[in-house]
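K.L.:
Start counting the sequence shown at 1; every next residue gets the next number (UniProt numbering). Don't be surprised by glycine CBs; every beta carbon is placed ideally from N, CA and C. These numbers were taken from a predicted model, which means no experiment stands behind them.
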Amino acid sequence: MPNKNQSNGVAVRQHSSPRKFSPSGIKGCTSTILIGLLGFLCGILLVNWCKVGVFSRCGTQGSCCKEIRIGSATAETLEEPVEMSESLAEKDKDNFIFVGIMTAKKFIDNRGLASHRTWASNINGKVMFFSSEGSTSSYGVPVVALTGVDDHYPPQKKSFMMLKYMYDHFLDKYEWFMRADDDVFIKGDRLDEFLRGINSSQALFIGQAGTGKADELGKLALSADENFCMGGPGMIFSRETLRRMAPHISYCLRNLYTTHEDVEIGRCVRKFAEIQCTWSYEMQQILYQNYKEEKGSFKTTLKNKEVQKAVSLHPVKDPDYQYRIYNYLRSVKIMTEHQREVQLHRDMASMTELIQDGRLPSEPGLSQPPNLRKFRPLSGKEVIPWDFVARSIYSQFNNNPRRGIDESVKGALDELVNQVIMKVNKNAHLRGRTIDFKEIQYGYYRLDPMNGPDYVLDLLLTYRKYRGRKMSMNVRRHAYLQQAFLPVEMREEPGYVEQNSSGVGAKVKSWLKIFAGNSETSQIVNKRTEFIDIIMPLMGRFKIFQRFMNNFEKVVLLPKENARLVLVLYKSKDEPEALRFTLDLVQYYQDKYGKDYIEVVQTDNEFSRGPGLQLGAGRCSEDALVFFIDVDIIFSASSLERVRLNTKRGTQVYFPIVFSQYDPEPVCFTGSPHCDCANSECVLKAEDISDAAGYWRQFGFGIAAMYLSDYYNAGGFDLSIRGWGKEDVDLYTKFIENFYYIFRAVDPGMTHIFHTIKCSETLESAQMVMCVNSKAQSYASTSLLANQIYSNPEILRRLETYSMNHEL
């Protein structure tokens, strides 16, 4: 029985009453001092002799290389002292904890596989999975098929036989034994740190104490002072506990009182090991059971404070989230090491400055202390502007200066604040206070390309003091934060395309072409060559159609690309001659290249884009790859290649993000290099995709590629929608509702040439808002408009007068 005055792993020294002073004891005391001094000198001589002699003669016959103990590990006959720490660490890893995961046949190669490939590799010992008789894994998961055990619920026999297997095969090889379910995630480093502070030689049964649900009280055969360790988040046995309990497992299986296997294991431990589960309240945070999410898997609570501190997380029923949690924890570790490296660079720079009044020549961004003035612009153009963040983002880098906060920005701010709060609370237990984050009131951020992102945040925090005079209050604090970039690293990735030319330069050039979207990506191995039906509705706009056909001839007709154009023609009241001119032009191309490349569908219906595209799609086979396009789009051969690569029948559709040109009039007014001017008419260069020439149409969904079978499966266009816009958003939503993957990416080979947008008064309110917003978006860049306003004092005076009148 353990001593009353001992806690888990912490011995309490018992002091005897002091003896009275006696003069007769002086002589004995002097002798004791002399003996102690002589022993001290002998010890010094022995240590120095061992330093010189022992390690230099280890491995020779008759040397004094006996067993050397460090902690719980041993090393015998060490031939190379340099290898001692590595061999000890490896031996220590193999003999610390054994984790047994209880699973079933149907979960071995999903939950079990996810656990085996993620957290199991970080356990300081061994992890094995226990299932029913005949169980195997197709992916190398270490499975123990328990004889005479099936997968029926409740798994009482399986749980007890798993512990019996640990006892029979591994009792003398490990200090600790853990039993857990297959939907748990265990942090190996935290488990190791937690158990290192506990005396493993004692009989201990560690877990989150349970007494049963409210409706089970009094029905589990437990007295008021009895408990059990909950099985979900895991239960931990010391070697001594397993040694006492395991020989009696057959008795425990014959005397079951409930259908709960964790209750019965607790009863068996209590009867034969004479201990019960730890009552400690802190075990709720150490072995964590997630009650905040209905279906578990930590989809929304992963960054919570209690989850960060936990040793095990339960439940994680979705195997995909095992990988998500694993990758997240690895990213946190990388960020911690990054922060540590930055601090070491700064310490080195400070010490160098103190010693020789100089600075380290390398990595100045890392060596310099945090400072928002690291970068000093030499001109107004070099000034890095700040974005303002509150409920929305206010930025000059987006065509919509005020917009919702992007998920990427939210994630970055959450991670940043989480790191700050963890650092602030690092020694909270010594200070008797904690600081909890509530929300960001507002903030500013910018990206310094030389040093890293800068943040100025106004944080609302909760200050809690739990020592002395206890108190809790809300406080606001400004945080000035800077994340430093690490030095640039160059890596060669496998998978580049071999070209006919030899040499490293050719390989790198080919590799870069693939990832830069170069038109020469036709050399990619396993290039897809599906036939593409390009469907385009058209009413009037003959000159624009001429430009489109010039591009179509260059991209499709001349190289004999595996594609064709399905043109749906409407009559135009405003341009009665346009229909005839269009048909004549089509006839010209058909005579020159053949009728297989262009098909014309005429209709007398009122123009509407959705019905027009569906009419054209009706001329294609059901398994056709269709590409919906507008007459204002100029595209390249690489764009058609991306249409093929980014669509997958039955699973994925492609909505490219097209570059949309601004109105040439304000852009070309000052003789901009982005324009081509001839005959007093200026147009923007089609190949120019700079910020000054246009913007990426993030909100546009009209250009799309999909298999026609998927189009019909999703429900197709809403044919009741008439006029400008909205039909594309409706189709996009239908694909989402039918669980298709939406692939969206900027396509540098697709450009929407500017044209004047006319918003009809007959449009519905939602369509009118979309039309007006699109018209305003296409006028000019935010920076150009801002410069025009600031350079015009009259506009500024009007704004000032307007503001004063509205304040009054």
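Please state whether DSSP places I629 in a helix, a strand or coil.
P.N.:
In the structure shown, I629 sits in coil (DSSP, three-state: anything other than H, G, I, E or B).
K.L.:
Pull up the DSSP beta-bridge partners for L302, would you.
P.N.:
DSSP lists no partner for L302.
K.L.:
Excluding five sequence neighbours on each side, which residues of the same chain lie with their C-beta closer than 8 Å to the C-beta of K164?
P.N.:
Closer than 8 Å at the Cβ level, and outside the excluded window around K164, lie A246, I249.
K.L.:
Could you pull the start and end residues of the beta strand (DSSP E) that D676 belongs to?
P.N.:
675 to 678 is the span of the beta strand (DSSP E), which, as asked, contains D676.
K.L.:
Would you kindly check if the distance between the Cβ of V586 and the Cβ of L567 is under 8 Å?
P.N.:
It is a contact, given that the beta carbons lie within the stated cut-off.
K.L.:
If you reduce the DSSP assignment to three classes, tell me which class N110 lands in.
P.N.:
It is helical.
K.L.:
Within the continuous alpha helix (DSSP H) that includes R270, where are the two ends?
P.N.:
Note, R270: alpha helix (DSSP H), 261 to 272.
K.L.:
Taking 8 Å as the cut-off, does the stretch 608 to 625 touch the stretch 577 to 597 (at least 3 CB pairs, one atom from each stretch)?
P.N.:
Cβ pair count under 8 Å is below three, so no.
K.L.:
Suppose you measure from the CA of L708 to the CA of T762; what does that come to, to the nearest Å?
P.N.:
Near 32 Å, if we compare the C-alpha coordinates of T762 and L708.
K.L.:
Taking the beta strand (DSSP E) that Q652 belongs to, which residues open and close that run?
P.N.:
652 to 654 is the extent of the beta strand (DSSP E) around Q652.
K.L.:
Have a look at V141 and A214 and give me their C-alpha separation to the nearest angstrom.
P.N.:
Near 38 Å, if we compare the C-alpha coordinates of A214 and V141.
K.L.:
Quick one: is N427 buried, meaning 16 or more other Cβ sit within 10 Å of its Cβ, or exposed?
P.N.:
Exposed, because fewer than 16 other Cβ atoms sit within 10 Å of the Cβ of N427.
K.L.:
Taking the alpha-carbon of K648 as reference, which of I742, P487, F635, D728 has the nearest alpha-carbon?
P.N.:
Answer by Cα proximity: I742.
K.L.:
Short check: CB of H755 to CB of V658, under 8 Å?
P.N.:
In this structure, V658 does not lie closer than 8 Å to H755 by Cβ.
K.L.:
So, at 7 Å on beta carbons, what are the nonlocal neighbours of V149 in its own chain, with the 5 sequence-adjacent residues on each side left out?
P.N.:
Excluding residues within five positions, the ones whose Cβ falls inside 7 Å are S132, E133, K157, K158, M161.
K.L.:
How big is the Cα-Cα spacing for A203 and I101?
P.N.:
Looking at the two C-alpha atoms, the distance is approximately 22 Å.
K.L.:
Sort out for me which residues DSSP pairs K648 with in a bridge.
P.N.:
Bridge partners of K648: Q652.
K.L.:
Within 10 angstroms of the Cβ of G53, are there 16 or more other Cβ atoms? Answer buried if so, exposed if not.
P.N.:
Its pLDDT being 38, under 50, G53 is placed unreliably in this model, and the value from its coordinates should be taken loosely. G53 should be labelled exposed.
K.L.:
Taking its Cβ as the centre, do 16 or more other Cβ atoms sit within 10 Å of N371, making it buried, or is it exposed?
P.N.:
Result: exposed.
K.L.:
Would you call A224 buried or exposed, if buried means 16 or more other Cβ atoms sit within 10 Å of its Cβ?
P.N.:
Flag for A224 reads exposed.
K.L.:
Could you give the residue range of the beta strand (DSSP E) that holds G570?
P.N.:
Contrary to the premise, residue 570 reads as Tyr rather than Gly in this sequence. Residues 563 to 570.
K.L.:
Where are the beta strand (DSSP E) runs, 3 residues long or more, that stay fully inside the stretch 295 to 356, in chain order?
P.N.:
Here the runs fully enclosed are 312 to 314.
K.L.:
Near N605, which residues of its chain fall below 8 Å by C-beta distance, leaving aside the five closest residues on each side in sequence?
P.N.:
Closer than 8 Å at the Cβ level, and outside the excluded window around N605, lie Y570, P611.
K.L.:
Out of M351, L481, S297, which one is the CA nearest neighbour of K374?
P.N.:
Of the listed residues, the one whose Cα sits closest to K374 is L481.
K.L.:
Provide the residue(s) that pair with A209 in DSSP beta bridges, ordered along the chain.
P.N.:
Looking at the DSSP assignment, A209 forms a beta bridge with C229.
K.L.:
Along the alpha helix (DSSP H) that carries H429, what are the first and last residues, could you check?
P.N.:
Counting along the chain, the alpha helix (DSSP H) containing H429 begins and ends at 428 to 431.
K.L.:
Nearest by alpha-carbon distance to P233: which of R446, Y174, L625, Q208 is it?
P.N.:
Minimum Cα distance to P233 is reached at Q208.
K.L.:
Give me, in chain order, the residues of the same chain whose beta-carbon lies closer than 7 Å to that of R619; leave out the 5 immediate sequence neighbours on both sides.
P.N.:
For R619, where only same-chain residues beyond five positions count, the Cβ hits under 7 Å are V566, E599, V601.
K.L.:
Let me know the secondary structure DSSP gives F610 once reduced to three states.
P.N.:
According to the sequence as given, residue 610 is Gly; it is not Phe. Note: G610 maps to helix in three-state DSSP.
K.L.:
If I follow the unbroken beta strand (DSSP E) through residue 810, where does it start and stop?
P.N.:
In the structure as shown, the chain begins at 1 and stops at 808. Residue 810 is therefore absent and cannot be evaluated.
K.L.:
Ignoring anything shorter than 4 residues or poking outside the stretch 414 to 456, list the alpha helix (DSSP H) runs there in chain order.
P.N.:
Complete alpha helix (DSSP H) runs here, min 4: 428 to 431.
K.L.:
Can you name, in chain order, every residue of its own chain whose Cβ lies under 7 Å from the Cβ of L171, other than the five neighbours on each side?
P.N.:
Counting only Cβ-Cβ distances below 7 Å, and skipping sequence neighbours, we find R239, L242, R243.
K.L.:
Below 6 Å CB to CB, which residues in the same chain sit around G411 once its five sequence neighbours on both sides are set aside?
P.N.:
No residues qualify anywhere along the chain.
K.L.:
Give every residue of the same chain whose Cβ lies closer than 6 Å to the Cβ of A180, excluding the five residues on either side of it in the sequence, and list them in chain order.
P.N.:
Within the same chain, A180 has close Cβ partners I101, G234.
K.L.:
Can you tell me whether Y326 is buried or exposed? The criterion is at least 16 other CB atoms within 10 Å of its CB, across all chains shown.
P.N.:
Flag for Y326 reads buried.
K.L.:
I need the boundaries of the beta strand (DSSP E) containing V601, first residue and last residue.
P.N.:
That run of the beta strand (DSSP E) goes 598 to 603.
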